[in-house]
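First the structure, in the form of structure tokens, and then the observations on it.
Number of protein chains: 2
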Amino acid sequence: MIKKNKQTIGILGGGQLGQMLSNAAIELGYNTHIYSPDKNSPAFKNSTYQTIGKFEDQKNIDEFINNVDLVTIEFENIPLSTIEYISKLKPIYPPPHAIRISQDRLLEKNFFIENKINTNSYMNVESLEDLSRWNFDKKSVLKIRKFGYDGKGQKIISSYEEAKSAFISFKNYPCLIEEFIEYTKEVSTISARDVHGNVYSYNPSENIHKNHILDRSFAPALINEKLDMELKKISSKMISQLEYIGILSIEFFVRINQQTNQEELIVNEIAPRVHNSGHWTLDGADVSQFTQHIKAIIGTEISEPQLIFITEMYNIIGDDIYHWSNIKSTENKKIYIYGKDEPRKGRKMGHVNFISRN
Amino acid sequence: MIKKNKQTIGILGGGQLGQMLSNAAIELGYNTHIYSPDKNSPAFKNSTYQTIGKFEDQKNIDEFINNVDLVTIEFENIPLSTIEYISKLKPIYPPPHAIRISQDRLLEKNFFIENKINTNSYMNVESLEDLSRWNFDKKSVLKIRKFGYDGKGQKIISSYEEAKSAFISFKNYPCLIEEFIEYTKEVSTISARDVHGNVYSYNPSENIHKNHILDRSFAPALINEKLDMELKKISSKMISQLEYIGILSIEFFVRINQQTNQEELIVNEIAPRVHNSGHWTLDGADVSQFTQHIKAIIGTEISEPQLIFITEMYNIIGDDIYHWSNIKSTENKKIYIYGKDEPRKGRKMGHVNFISRN
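From first to last, the protein sequence lines are chains F and R. Quick note on numbering: the first sequence equals residues 1 to 358 in our numbering. Quick note on numbering: the second sequence equals residues 1001 to 1358 in our numbering.
If you want it as structure tokens, here you go:
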């Protein structure tokens, strides 16, 4: 057995989130071990140890478990059986039940309702019979329950016929059908809870998507104090209810309630990990979401993050990289290039934080 | 402190189920303590100790907790806060999370879906907006999520307008709307799980309702072997999944699947307790559901119940009691009179087990 004088944090997944988590962990004095099926994972180059392996590969997973002191994830769609297997041998954060809920849109919605958190109308769809029970007079969205991302596996629907062909195109996988939300804004919260039960949220950010991919986020979101308070309250309730450890990201829609004519929050989805809409914290807060996550899972007491600059984050997507790779960071413009091998369409290649110093 | 040489089983609720549970417990050598808000509770006269008190009454509940060694329930709609309070001080079976699920039709349906147990299409309804998302082309049922019983708080619905007035008549309480099931049979299972993880089910019974109240049950149900196996399998899966201790009752519909033309099972609801459709076990099985429940919760290893007679149970309801109170039990006809004070319409006053000895 090899002795090591540092603790090692295992990270499942090798994308840019793993890369930035790994950087934060190393800076805090830990070793990191990235486990990813993709040999070109950008996080590999920023980590102490690497394994190229499928998540279902028992031998590689066993080696990984032996080499690390605790485990976290940088993306949620890791087979639950792997998560549960690991959890029997080493601490894994966030807790498996929270990962399970976030992997299935139905469990997620059920969790919202069971905890009295305002969400839109929805119905489970596992058959055309189920589908025929939904009223298509108003615009709806059909989404596969598992493994959808960036708008994949979802379709806006105006009729039963459209829904039927979408359901079939999703290969009859279990789906969710839900009310299409006419929203005025999209906002998200990044919250952390440590093992001591401390819960803190960053200022909510406002997010703008293009082609179902996050284009830019800025914080603090331009919302009134009432919504701001409510976002904090709901996020804190959710993270505590989940007995969660680490960073939890929550996306909300803001819409005008037709009855009251007031703005209201509708929770859209949760991600059991650091989030693209929290990249602004690398420059706009006194502690980044990555550092906060590592602190929370390693057992230190976290502190309330402070806003230091109004910050806008802009994603560098696909071919944009050719423009940005020649530009240098300045005091007010911090450029992050992930070093991915090829700039495919829609692929997140880096991001820029624009800092406002007034 | 008074010393007692017997363990005392506390039972929340004082109806006929509590009465028969108390009889079984006393026969097994335990004391019983019935806690019920109703001074005329039929179970009082069959128990060692009695408390008349509201379930929310802290002082009475504290006294009750001090006097008992463990707690069980004879009806599910006991305030969850009381259940959880007790569970921190004394063992309570079934476990609070199972009671929580069975108290809310939405949590119950979600539990079925999350565990891949076939149920009908449904949707959560907390507003008219939610309601408008449901398609009323086919017959549906609107049910209040909590505290419904014997057909109360539910209505068959054919249009949005009907649903709307039903929802309003239910005072806008959270509801569930679901597909109306055209079933050919209603069957139920009574299963038990002990602390050692042993799981056994009785032969399924077939149930006939009149005016939403169980009229008669007979066991074994007249179903083919495939359905019989499936009922056992699903029941065993559910009770294990819930990490349940005690008797769990599950009601199913049998319907003809339009596509396959085969009979299929649709789970309707669960009850976290002994059940009216299991009263036949008092005479038709080698161990009654009441004895089986007490054995399971007290920590003994339960055995697989054996059918000894084909039995039909007939409920004595309301005024029927005047007829039956003058009749004597015979070898093939066992009459149970609960001793309730007044025979109100629809009130279960007793039951008769008709035994077939061929």
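Just so it is clear, CB atoms sit at the ideal spot from N, CA and C, and this is done for glycine as well.
Among the options, nearest to residue i - alpha-carbon criterion
i: Val254(F); options: Gly246(F), Glu206(F), Asp62(F) and Gly278(F); result: Glu206(F)
i: Ile1113(R); options: Asn115(F), Lys109(F) and Lys116(F); result: Lys109(F)
i: Asn172(F); options: Phe147(F), Glu126(F), Asn326(F) and Ile65(F); result: Glu126(F)
i: Glu74(F); options: Ile9(F), Gln258(F) and Thr184(F); result: Ile9(F)
i: Ser284(F); options: Glu312(F), Ala296(F), Gly299(F) and Gln258(F); result: As written in the sequence, residue 284(F) is Gly, which differs from the Ser given in the question. It is Glu312(F) whose Cα lies nearest to the Cα of Gly284(F).
i: Ile1117(R); options: Leu1265(R), Ile1298(R) and Ile1294(R); result: Leu1265(R)
i: Glu1027(R); options: Gln1259(R), Pro1042(R), Ser1288(R) and Ser1277(R); result: Ser1288(R)
i: Thr1032(R); options: Gly1018(R), Glu1186(R) and Tyr1244(R); result: Gly1018(R)
i: Ile247(F); options: Pro94(F), Ser102(F) and Ser36(F); result: Pro94(F)
i: Val187(F); options: Gly339(F), Ile270(F), Ile168(F) and Gln50(F); result: Ile270(F)
i: Ile1256(R); options: Ser1249(R), Ile1239(R) and Ile1223(R); result: Ile1223(R)
i: Ile1321(R); options: Asn1040(R), Phe1309(R), Tyr1336(R) and Ile1310(R); result: Tyr1336(R)
i: Ile1157(R); options: Pro1174(R), Phe1170(R) and Lys1138(R); result: Lys1138(R)
i: Gln306(F); options: Leu282(F), Asp104(F) and Gly299(F); result: Leu282(F)
i: Gln258(F); options: Gln1259(R), Asn1077(R), Glu1129(R) and Thr1300(R); result: Glu1129(R)
i: Phe309(F); options: Asn268(F), Phe354(F) and Gly13(F); result: Phe354(F)
i: Val267(F); options: Ser81(F), Asn115(F), Thr119(F) and Arg216(F); result: Thr119(F)
i: Ile1086(R); options: Ile1144(R), Ser1201(R) and Asn1067(R); result: Asn1067(R)
i: Ser1249(R); options: Ile1181(R), Glu1162(R) and Glu1076(R); result: Glu1076(R)
i: Ile190(F); options: Ser201(F), His196(F), Ile181(F) and Met123(F); result: Ser201(F)
Where the alpha helix (DSSP H) containing residue i begins and where it ends
i: Gln103(F); result: Pro96 to Gln103
i: Leu176(F); result: No alpha helix (DSSP H) holds Leu176(F); the beta strand (DSSP E) holding it covers Cys175 to Glu179.
i: Ser329(F); result: Here Ser329(F) belongs to no alpha helix (DSSP H), and DSSP marks it neither H nor E.
i: Lys164(F); result: Tyr160 to Ser169
i: Lys232(F); result: Glu225 to Gln241
i: Lys295(F); result: Gln289 to Ile298
i: Asn1060(R); result: Gln1058 to Asn1067
i: Thr281(F); result: Thr281 to Gly284
Environment of residue i [buried if 16+ CB atoms lie within 10 Å]
i: Leu131(F); result: buried
i: Pro79(F); result: exposed
i: Met1001(R); result: Its pLDDT being 48, under 50, Met1001(R) is placed unreliably by the model, and the measurement read from it follows with that caveat. Exposed is the call here.
i: Asp62(F); result: exposed
i: Gln1154(R); result: buried
i: Leu1227(R); result: buried
i: Thr330(F); result: exposed
i: Lys1348(R); result: buried
i: His1209(R); result: exposed
i: Lys334(F); result: buried
i: His212(F); result: exposed
i: Asp1194(R); result: buried
i: Asp1286(R); result: exposed
i: Ile1291(R); result: Looking at the sequence itself, residue 1291(R) is Thr, so the reference to Ile does not match. Burial call: buried.
i: His279(F); result: buried
i: Lys1088(R); result: exposed
Start and end residues, beta strand (DSSP E) containing residue i
i: Asp215(F); result: Ile213 to Ala219
i: Ser1356(R); result: Lys1348 to Ser1356
i: Tyr1200(R); result: Val1199 to Ser1201
i: Tyr49(F); result: Tyr49 to Ile52
i: Leu1265(R); result: Glu1263 to Ala1271
i: Gly1246(R); result: Gly1246 to Ile1256
i: Glu1186(R); result: Lys1185 to Arg1193
Integer Cβ distance of residue i from residue j, believed to fall under 8 angstroms
i: Val1034(R); j: Ile1011(R); result: The residue asked about is misnamed: residue 1034(R) is Ile in this sequence, not Val. Ile1034(R) to Ile1011(R), Cβ: 5 angstroms. Contact.
i: Asn1179(R); j: Ser1236(R); result: First, the residue type needs correcting, since residue 1179(R) is Glu and not Asn in the sequence shown. Going by Cβ atoms, the distance from Glu1179(R) to Ser1236(R) rounds to 26 angstroms, so no, they are not a contact pair.
i: Gly350(F); j: Ile316(F); result: 4 angstroms
i: Asn403(F); j: Ala219(F); result: The structure shown has nothing for residue 403(F), since chain F only spans 1 to 358.
i: Lys1060(R); j: Thr1051(R); result: Note on residue identity: the sequence assigns Asn, not Lys, to residue 1060(R). Their Cβ separation, rounded to whole angstroms, is 5 angstroms, which keeps Asn1060(R) and Thr1051(R) in contact under 8 angstroms.
i: Ser176(F); j: Arg273(F); result: For clarity, residue 176(F) is Leu in the given sequence; the question names Ser instead. Not confirmed; about 21 angstroms, so no contact.
Backbone CA spacing between residue i and residue j [nearest angstrom]
i: Lys1233(R); j: Trp324(F); result: 60 angstroms
i: Glu1251(R); j: Ile1099(R); result: 16 angstroms
i: Gln1016(R); j: Lys1006(R); result: 24 angstroms
i: Lys146(F); j: Pro1343(R); result: 54 angstroms
i: Thr184(F); j: Tyr149(F); result: 22 angstroms
i: Ser1277(R); j: Lys90(F); result: 46 angstroms
i: Ser140(F); j: Leu107(F); result: 19 angstroms
i: Glu1225(R); j: Glu1263(R); result: 12 angstroms
i: Phe167(F); j: His293(F); result: 37 angstroms
i: Ser1159(R); j: Ile1092(R); result: 43 angstroms
i: Lys152(F); j: Ser1022(R); result: 58 angstroms
i: Lys164(F); j: Gly53(F); result: 37 angstroms
i: Ile1239(R); j: His1275(R); result: 15 angstroms
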